[in-house]
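Student: Residue numbers (UniProt numbering): 1 to 467.
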Ligand code: ADP
Ligand code: LRH
């Protein structure tokens with residue numbers, strides 16, 4: 001038995017500690033601990049409870065100790081774009097506001113007073129999302145300029161947790177790129193842009209690549225969790241980790257990282273910062289080994305998560321999926337409409353969209369879920385057409401990874417609306433991709449293609465064909 005490696009993967013809807021080891025040339029994955037996540041409404045502002053999340057991180061570490069499975073290395077990944085600002089005493093300045101909060105409304109215009117939308121895309125390659133760090137920082141500048149002045153460090157959420165574990169502050173590359181402040185050619189912060197916007201340059205640490213050692217647990221953490229461990233940077237952006245675990249080395253693979261969001265795209269060696277690409281709203285997120293994820297953010301299973309909370313019946317995702325598959329309703333909504341980003345009621349938002357567009361209004365659980373699943377799959381179909389037009393290539397297979405790979409009905413619909421073969425799994429791709437980088441660091445694999453081959457033979461995938 002070789003070493004254990006620990007991935008702490010915290011998505012917007014749940015976090016988990018996954019231990020991995022190699023056995024007979026295959027990766028074995030074991031879930032050690034799981035906890036819920038979500039933004040809390042704190043006096044009208046949507047916030048992350050980072051204190052609770054850090055307690056959960058330590059709870060999972062204690063569980064490893066209890067099991068007698070001490071990892072050789074560990075790393076944390078989370079969703080992108082959100083961050084904390086730390087003062088000179090390393091205390092968080094203000095609330096840890098989540099990306100669905102409305103504080104960024106109007107901040108695009110403030111940013112464009114300094115730099116145009118197209119110039120911004122040309123120098124970052126990142127698609128416009130109102131919640132990108134660049135707009136969030138503008139909201140801070142407008143409402144709490146003193147936070148920006150006092151800040152000694154900006155840490156993305158996983159960077160912050162790594163700091164709490166080790167006492168070392170690093171800005172990891174993949175998550176940094178989601179903020180729209182990194183240059184895809186130098187792969188470093190775009191200090192000129194940061195200056196232009198009037199953000200405090202001093203708070204940015206040099207960008208570190210996945211595979212870099214952060215440090216070891218502080219004495220306090222060792223005392224609390226009962227062991228020491230080396231922290232190695234994975235691709236700390238969850239999507240960056242998930243795409244590392246797409247189980248193929250086919251350069252012409254289309255993937256969907258399917259969870260709270262559906263991130264659909266391809267991998268590329270160079271960023272495409274052209275006007276055409278900007279107009280199609282594709283992004284170039286930085287990845288391991290200088291591979292860019294050329295993709296589109298699609299609203300994703302957030303819509304299902306939200307209606308699930310509102311249903312009076314307590315149903316599992318599997319049950320909701322099953323009910324949807326029995327329905328015949330044909331109404332469709334535009335999943336990427338802003339009205340679905342943070343509605344008071346997702347059920348009402350879906351109904352209103354159908355009503356306003358003169359389509360049948362869904363009423364039952366099955367109908368509401370069917371409208372959402374069909375609309376997502378339709379959006380995947382449209383996105384494939386855009387990717388094929390933008391790249392001038394035809395693609396045959398869509399690799400769905402992440403929790404959404406378990407949604408059988410959605411996979412069937414994806415095959416139907418895209419006309420492509422769908423390969424679904426692994427559902428824990430993010431944790432696997434996180435561990436892949438740790439294993440590459442430890443010399444278990446010589447390179448990423450070898451790791452992806454191993455992922456392919458270690459985990460089950462299910463194939464769906466267009467009938
Ligand atoms: P995130 O990392 O963004 O929190 P996950 O990758 O964990 O999200 O995916 C969670 C989503 O996967 C759920 O919201 C749900 O829609 C979907 N899902 C998980 N298991 C199932 C299942 N058995 N059937 C249908 N959908 C599922
Ligand atoms: C998915 C994700 C996505 C980002 C969003 C904020 O969890 O990281 O890639 O765009 O959250």
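All residues carry an ideal CB built from backbone N, CA and C; glycine is no exception. It should be emphasised that the depicted structure is a prediction, and the values quoted were computed from it without experimental measurement.
Taking its Cβ as the centre, do 16 or more other Cβ atoms sit within 10 Å of residue 345, making it buried, or is it exposed?
Tutor: It is exposed - the Cβ of residue 345 has fewer than 16 other Cβ atoms within 10 Å.
Student: Relative to the C-alpha of residue 270, which candidate in 230, 64, 391 and 204 has its C-alpha closest?
Tutor: Closest option to residue 270, Cα to Cα, is 391.
Student: Ignoring anything shorter than 4 residues or poking outside the region 89-132, list the alpha helix (DSSP H) runs there in chain order.
Tutor: Counting whole runs of 4 or more residues, the region 89-132 contains the alpha helix (DSSP H) stretches 107-112 and 117-124.
Student: Just reading off the alpha helix (DSSP H) that residue 317 is part of, what are its end residues?
Tutor: First-last of the alpha helix (DSSP H) with residue 317: 317-325.
Student: Could you tell me the alpha carbon to alpha carbon distance between residue 4 and residue 70, rounded to whole angstroms?
Tutor: So the two alpha carbons sit approximately 7 angstroms from each other.
Student: With residue 285 and residue 177 assumed to form a contact (beta carbons below 8 angstroms), what rounded beta-carbon distance in angstroms separates them?
Tutor: Indeed, because the Cβ distance is near 5 angstroms, the residues count as touching under 8 angstroms.
Student: Taking the alpha helix (DSSP H) that residue 225 falls in, what are its first and last residues?
Tutor: It spans 219-225 - the alpha helix (DSSP H) in which residue 225 sits, taken as one unbroken run.
Student: If residue 210 and residue 234 are in contact, beta carbons under 8 angstroms, what's the gap, nearest whole angstrom?
Tutor: The Cβ separation is near 6 angstroms, so the contact holds.
Student: Restricting to runs no shorter than 4 residues, where is the alpha helix (DSSP H) found entirely within the region 212-289?
Tutor: With a minimum length of 4 residues, the continuous alpha helix (DSSP H) runs that stay inside the region 212-289 are 219-225, 238-244 and 275-279.
Student: For residue 75 and residue 140, what's the separation of their Cα atoms in angstroms?
Tutor: So the two alpha carbons sit approximately 29 angstroms from each other.
Student: Would you be able to state if there are at least three C-beta pairs under 8 angstroms between the region 354-374 and the region 387-404?
Tutor: In short, these stretches do not touch, since the Cβ pair count stays below three.
Student: Assign residue 220 to one of two classes, buried (16 or more other C-beta atoms within 10 Å of its C-beta) or exposed (fewer than that).
Tutor: It counts as exposed.
Student: Is residue 297 near the ligand ADP - that is, is its Cβ less than 8 angstroms away from at least one heavy atom of it?
Tutor: Residue 297 Cβ: outside cutoff for every heavy atom of the ligand ADP.
Student: Would you give the residue range spanned by the beta strand (DSSP E) that residue 47 belongs to?
Tutor: Per DSSP, residue 47 belongs to the beta strand (DSSP E) from 45-47.
Student: Tell me whether the beta-carbon of residue 11 lies closer than 9 angstroms to the beta-carbon of residue 259.
Tutor: Going by C-beta atoms, residue 11 is nearer than 9 angstroms to residue 259.
Student: How many angstroms separate the CA atom of residue 329 from the CA atom of residue 360?
Tutor: Distance between the alpha carbons of residue 329 and residue 360: 7 angstroms.
Student: So if DSSP puts residue 297 in a beta bridge, which residue, or which two residues, is it bridged to?
Tutor: Bridge partners of residue 297: 263.
Student: For residue 151 versus residue 107, is the C-beta spacing smaller than 9 angstroms?
Tutor: No, Cβ-Cβ distance for residue 151 and residue 107 is not below 9 angstroms.
Student: Do you know how far the Cα of residue 118 is from the Cα of residue 422?
Tutor: Each residue's Cα considered, the two are about 35 angstroms apart.
Student: Starting from residue 441 and walking both ways along the alpha helix (DSSP H), at which residues does that stretch end?
Tutor: 429-441 is the extent of the alpha helix (DSSP H) around residue 441.
Student: What whole-angstrom Cβ distance do residue 98 and residue 47 have, given they're in contact under 8 angstroms?
Tutor: With a Cβ gap of about 6 angstroms, residue 98 and residue 47 count as contacting.
Student: What residues in its chain sit with their C-beta under 6 angstroms from that of residue 229, if we drop five residues either side in the sequence?
Tutor: So the qualifying residues of the chain are 71, 74 and 217.
Student: CB of residue 237 to nearest heavy atom of the ligand LRH: below 8 angstroms?
Tutor: Yes, the ligand LRH has a heavy atom inside 8 angstroms of this Cβ.
Student: DSSP state of residue 151, grouped into three classes?
Tutor: The answer is coil: DSSP assigns residue 151 none of H, G, I, E or B.
Student: What's the C-alpha gap between residue 282 and residue 127?
Tutor: Residue 282 and residue 127: Cα-Cα distance of roughly 6 angstroms.
Student: Between 333, 433 and 240, which has its C-alpha nearest residue 295's C-alpha?
Tutor: Residue 240 is the option with its Cα nearest to residue 295.
Student: Alpha carbon to alpha carbon, how far is residue 376 from residue 327? Give it in angstroms, no decimals.
Tutor: Rounded to the nearest angstrom, the two C-alpha atoms are 16 angstroms apart.
Student: Is it true that the region 29-46 meets the region 179-191, where meeting means three or more beta-carbon pairs spaced less than 8 angstroms apart?
Tutor: No, because fewer than three Cβ pairs between the region 29-46 and the region 179-191 fall closer than 8 angstroms, the two stretches do not touch.
Student: How close, in whole Å, do the beta carbons of residue 242 and residue 402 come, if the pair is a contact with beta carbons under 8 angstroms?
Tutor: Between residue 402 and residue 242 the Cβ distance is about 6 angstroms, and since that is below 8 angstroms, they are a contact.
Student: Does the beta-carbon distance from residue 187 to residue 199 come in below 9 angstroms?
Tutor: In this structure, residue 199 does not lie closer than 9 angstroms to residue 187 by Cβ.
Student: To which residues of the same chain is residue 339 closer than 8 angstroms at the C-beta, ignoring the five residues directly before and after it?
Tutor: Around residue 339: 349, 352 and 353.
Student: Please work out which residues of its chain come closer than 7 angstroms, Cβ to Cβ, to residue 343, disregarding the five sequence neighbours upstream and downstream, and give them in chain order.
Tutor: Once the five neighbours on either side are set aside, the close Cβ partners of residue 343 are 349.
Student: Are the Cβ atoms of residue 163 and residue 90 separated by less than 9 angstroms?
Tutor: For residue 163 and residue 90, yes; Cβs fall inside 9 angstroms.
Student: Please classify residue 412 as buried or exposed, where buried requires at least 16 neighbouring CB atoms within 10 angstroms.
Tutor: Result: buried.
Student: When the distance is taken between beta carbons, is residue 297 closer than 9 angstroms to residue 336?
Tutor: Yes, the pair counts as a contact, with Cβ atoms nearer than the cut-off.
Student: Given a cut-off of 9 angstroms on the beta-carbon distance, is the pair residue 404 and residue 262 in contact?
Tutor: For residue 404 and residue 262, yes; Cβs fall inside 9 angstroms.
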